[in-house]
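Q:
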Amino acid sequence: MNKKGQALVEFIIIMPIFLMMIMGIVDIGNILYNKNVLESKLDNVVSMYEENYSYDDIISKIGDEFELSITNNNQEYVDIVVIKEINIITPGLNLVFDNPYQVKAKRVVYYE
């Protein structure tokens, strides 16, 4: 009986599953990293909004890879949302997450 052949067959069976797990971990890490970056950008946007920067100035400061939405739902509060789309690279993970996945950070600010 050939032990090397058996190990090779077991390796070939396990390797795709292992690679999918590693790629999934990288994708979820990328999502969490970008969520952290968006929260940081959102802090900057809120401070600029409170200092009465214009919408165009805020867009030019945060960059064009982010989508910014500032809406006044009622006369008391303003919703500020920053969105970034991330492409999922792991096959099959797009069944769990949409591809491209939208990472959102949202704050509600008192309107003065």
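Under the working numbering, the very last position in the sequence shown is 98; numbers go up by exactly one each time.
We put the beta carbon where it would ideally sit given N, CA and C, even for glycine.
1. Can you confirm whether the stretch -12 to 1 touches the stretch 17 to 31 when touching is taken to mean that 3 or more C-beta pairs between the two stretches lie within less than 8 Å?
2. Considering only the alpha carbon of each residue, which of THR57, ASN30, GLU98 and GLY15 lies closest to SER46?
3. Below 8 Å, can you find three or more Cβ-Cβ pairs linking the stretch 36 to 51 to the stretch 74 to 93?
4. When the Cα of VAL94 is compared with those of LEU5, MET7, SER55 and GLY49, which residue comes out closest?
5. Near GLY10, what residues of its chain come up, given a Cβ to Cβ distance below 6 Å and the 5 sequence neighbours on each side ignored?
6. DSSP three-state label for GLU98, please.
7. May I ask which residues mark the beginning and end of the alpha helix (DSSP H) holding ILE44?
8. Considering Cα atoms alone, identify which of ASN60, VAL67 and ASP13 is closest to PRO86.
9. Could you have a look at VAL64 and say whether DSSP puts it in helix, strand or coil?
10. Taking the alpha-carbon positions, what's the GLY49 to TYR96 distance?
11. Can you tell me whether ALA(-7) is buried or exposed, with buried defined as 16 or more other CB within 10 angstroms of its CB?
A: Reading off the structure:
1. no
2. Minimum Cα distance to SER46 is reached at ASN30.
3. no
4. SER55
5. THR76 and LEU79
6. coil
7. 41 to 48
8. ASP13
9. strand
10. In a straight line, the C-alpha of GLY49 is about 25 Å away from that of TYR96.
11. exposed
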